[in-house]
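Here our numbering is used: position 150 in the sequence shown is 384, and no number is missing along the way.
This report concerns only the one structure given below.
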Amino acid sequence: MELFADQVWQMSYGERAAIEGLLAVVEPSLAIEIGTAEGASLRRIAARSTEVHSFDLVAPQLDLPDNVTLHGGDSHELLPRLLAELAQAGRNVDFVLVDGDHSAEGVRRDVEDLLASPAISRTVIVAHDSGNETVRAGLDAVAYGAWPKVAHVDLDFVPGHLGAERFPGELWYGLGLIVVDATRPAYFQPGPVQRERHHGGQVLALARDAIAAGGPPTPALEAANARIAALERQVAERDGEIEHHRALWQALMASPSWRLTAPLRLAKRLASRR
């Protein structure tokens, strides 16, 4: 299959399958890629999208379909301009792949530029190399809860890898998933960030340190257990908050005032879609 035979595509087979599956479900009319590289991901996105805009510091010389527009330059300058134009035209971006600037600050800026735009209203955003410590730091720095339209964030959607023969001791790969839905009822909903599992990158980092130590890492194991216990306490606290907000939401939904104002809310939603 072409999906797995491509020798240029710098993604694992699991990442390729995940990207292809998301594109098949979303069926983008308009898509954006940050980080063109050799165009392997871009070709797959273009094959399933009506229109694609791809950004890289230097626009590569590639044989690409007519539905692709390449933008050469700094995405931190060019992306907000394009998003402003799309928002002005009332257009929505359906799919975004973030795989450009791999510095923590660069990743954070790319994601925040996307979330700040009205053109990102019903959008699936995928961030590559979310298993890398620097990239993950940038993704973790984004205040996703500041945008009510952010419905779901799973930064370990596809877990990263700990390098062995190639890039030994380095953490790479991984896909983070950010789902944006401006039509969702955001009030009293739990936060969008997935907290049901331990951070995959942290687990891989502990494994890397244990391998580097060359033996039973008693201090590292104690530190890991302490960290896991702390994370479990955080999860328990979040669960309590979620149950509290769910009770508030149910009480609100059952109130007479909520039922009386239902026609007004429906009219507002219908008006916003015109």
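Note that the Cβ used here is the ideal one computed from N, Cα and C, for glycine as well.
Annotation: the continuous alpha helix (DSSP H) that includes Thr368 extends over 367-374. Counting C-beta atoms within 10 angstroms of its own C-beta, Pro490 has fewer than 16 neighbours from the protein chains shown and is therefore classed as exposed. Under the three-pair Cβ rule at 8 Å, the stretch 262-272 counts as touching the stretch 280-299. Under the three-state reduction of DSSP, Leu320 is assigned to helix. For Arg343, the enclosing alpha helix (DSSP H) begins and ends at 338-349. Under DSSP, Ser288 shares a beta bridge with Glu267, Leu304.
Judged by DSSP in its simplified three-state form, Arg472 adopts helix.
Measuring C-alpha to C-alpha distances from Val286 to each of Ser309, Gly340, Pro262 identifies Pro262 as the nearest.
With 16 or more other CB atoms across the displayed protein chains lying within 10 angstroms of its CB, Glu249 is buried. Annotation for Leu257: Arg282 place their beta carbon closer than 6 Å to its own, counting only its chain and skipping 5 residues before and after.
Looking at the DSSP output, Leu411 sits in a beta bridge with Val360, Asp388.
Only residues of its own chain outside the window of five on either side were considered, and among them Val414, Ala416 have a CB closer than 6 Å to the CB of Lys383, listed in chain order. Val260 carries a helical assignment under DSSP once its states are collapsed to helix, strand and coil.
Nearest Cα to His305 within the set Asp290, Ile462, Leu276, Val260: Asp290. Apart from sequence neighbours up to five positions away, the residues of its chain that approach Val292 with a beta-carbon distance below 7 Å are Gly306, ordered along the chain. Closest option to Val341, judged by alpha-carbon separation, among Asp390, Ser355, Ser309: Ser309.
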